[in-house]
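Residue numbers 2 to 316, in the numbering used here, belong to the letters of the sequence shown in order.
Only one structure is covered here, and it is reproduced in the block below.
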Amino acid sequence: MAAAPRLTGDAGHASHFARLVDYALYQPNPLQQAFYLLLVVSGYSAFLFCGLPHLPNDSLGAIHIYLSLVVVLGALHSFIVASMSSPGVLLPQTLVYFDNYEFDGVLYLKRECPTCRTTKLARSKHCSVCNKCVPRFDHHCGWLNTCIGECNHWVFLRFLMMNVILCGYGLYVLFGILSDEYKHLLSEEFLNENTRTVVQGEPMVVVRYLIHEEAAITVLFVLCIGMGFALVCFSTFHVYLVSSNLTTNEFFKRRKLQSHKSVSKGETRCTIPHKYGVGSLVANWREVRNPRYKAKIFAVKMANSKRSENRNGEI
Numbered sequence: 002m003a004a005a006p007r008l009t010g011d012a013g014h015a016s017h018f019a020r021l022v023d024y025a026l027y028q029p030n031p032l033q034q035a036f037y038l039l040l041v042v043s044g045y046s047a048f049l050f051c052g053l054p055h056l057p058n059d060s061l062g063a064i065h066i067y068l069s070l071v072v073v074l075g076a077l078h079s080f081i082v083a084s085m086s087s088p089g090v091l092l093p094q095t096l097v098y099f100d101n102y103e104f105d106g107v108l109y110l111k112r113e114c115p116t117c118r119t120t121k122l123a124r125s126k127h128c129s130v131c132n133k134c135v136p137r138f139d140h141h142c143g144w145l146n147t148c149i150g151e152c153n154h155w156v157f158l159r160f161l162m163m164n165v166i167l168c169g170y171g172l173y174v175l176f177g178i179l180s181d182e183y184k185h186l187l188s189e190e191f192l193n194e195n196t197r198t199v200v201q202g203e204p205m206v207v208v209r210y211l212i213h214e215e216a217a218i219t220v221l222f223v224l225c226i227g228m229g230f231a232l233v234c235f236s237t238f239h240v241y242l243v244s245s246n247l248t249t250n251e252f253f254k255r256r257k258l259q260s261h262k263s264v265s266k267g268e269t270r271c272t273i274p275h276k277y278g279v280g281s282l283v284a285n286w287r288e289v290r291n292p293r294y295k296a297k298i299f300a301v302k303m304a305n306s307k308r309s310e311n312r313n314g315e316i
């Protein structure tokens, strides 16, 4: 009899954990946004207290005292703008603006979204996290708590590049501080606490001293290396996608379809035609910078204006 409450309690804990996982992974939430802000704000605060006193030095001029703030504010501004941006939503009244691509008959077939009950346009996708159909869907970005689609793809890329710049610049400044300290410490003498003897500054002795005495700067330096590498890889992938006029969703759908077709035909590789590339590299980038829906909105407004003028003329 005593085991029943315990089992009920275990089941309750499991249920709470499942709800927490569902909220964190499958529902819109600000957790990753808060983590991003924590990383940037705490990282810059640590730099202000531990790194700024080292500036200027032999490697870095006084301009970096102010330039560091400009770079951080630029990254935060791009984050806020991207977080507040809309990817576009497919509704009965907006279909006319986003209906700009033909169905390729492979990745996209003309049908209705079973959830939204609206026509699934070519290159669109229903996001299970946001629970809405997004035109020219790329992916759902947890860092921004929004989908990346036709209307905000460019601001997402700008956010990505600003953070690459932030990590790259941080790496440059932190390396300048550490290398300058390293050069000066090589000519210093150190006291060995175990043997109580004085030793001349040697590379490994100086490095250990720097890691101990400049722990905050060292940690920031390592973080910039790790996050910078990940961001460069991710940015390179997106540069490739934009240059090829592909979305992240299309890239992985094509790979999955190619794999299935190759297996069924016994081939090593199966090629799927790409219908949406507009030709040149510049044209592909222009399509993200100036998406087609903008021209469609202008065309619809002009058509409505002409209809209104014709009605007034008839009256």
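Every residue gets a Cβ at the ideal spot worked out from N, C-alpha and C, and that includes glycine.
Scanning its chain for C-beta atoms nearer than 6 Å, with the 5 sequence neighbours on each side dropped, one finds around THR248 the residues ASP139, in chain order. In the structure shown, GLU190 adopts extended strand secondary structure according to DSSP, grouped into three states.
At a Cβ-Cβ threshold of 7 Å, GLY89 and GLY150 count as neighbours.
Listed in chain order, the non-local C-beta contacts of ILE273 below 7 Å within the same chain comprise VAL107, ARG255, LEU258, GLN259, local neighbours out to five positions each way being set aside. In this structure, TYR294 keeps its C-beta atom at 7 Å or more from the C-beta atom of TYR102.
By the C-beta criterion, the region 78-85 is judged not to be in contact with the region 232-249, since fewer than 3 inter-stretch pairs fall below 8 Å.
Ranked by Cα distance from PHE48, the options HIS275, HIS127, LEU232, LEU224 are led by LEU224. Per the DSSP secondary-structure output, THR120 pairs in a beta bridge with GLU113.
For CYS225, there is no enclosing beta strand (DSSP E); the enclosing alpha helix (DSSP H) covers residues 216-244.
Beta-carbon to beta-carbon, SER125 and CYS131 are separated by about 13 Å, too far to satisfy the 8 Å threshold. Rounded to the nearest angstrom, the Cβ distance from PHE222 to LEU167 is 14 Å, too far for a contact under 8 Å. Of all alpha-carbon atoms in ALA15, ALA19, LEU158, PRO93, the one lying nearest the alpha-carbon of LEU232 is that of LEU158. In chain order, LEU161, MET162, VAL165 place their CB closer than 7 Å to the CB of SER236, counting only its own chain and leaving out the 5 sequence neighbours on each side. A check of alpha carbon separations from LEU74 across LEU38, ASP100, HIS17 identifies LEU38 as the nearest. DSSP lists CYS142 as the beta-bridge partner residues of THR147. Residue pairing from DSSP places VAL135 in a beta bridge opposite LYS126.
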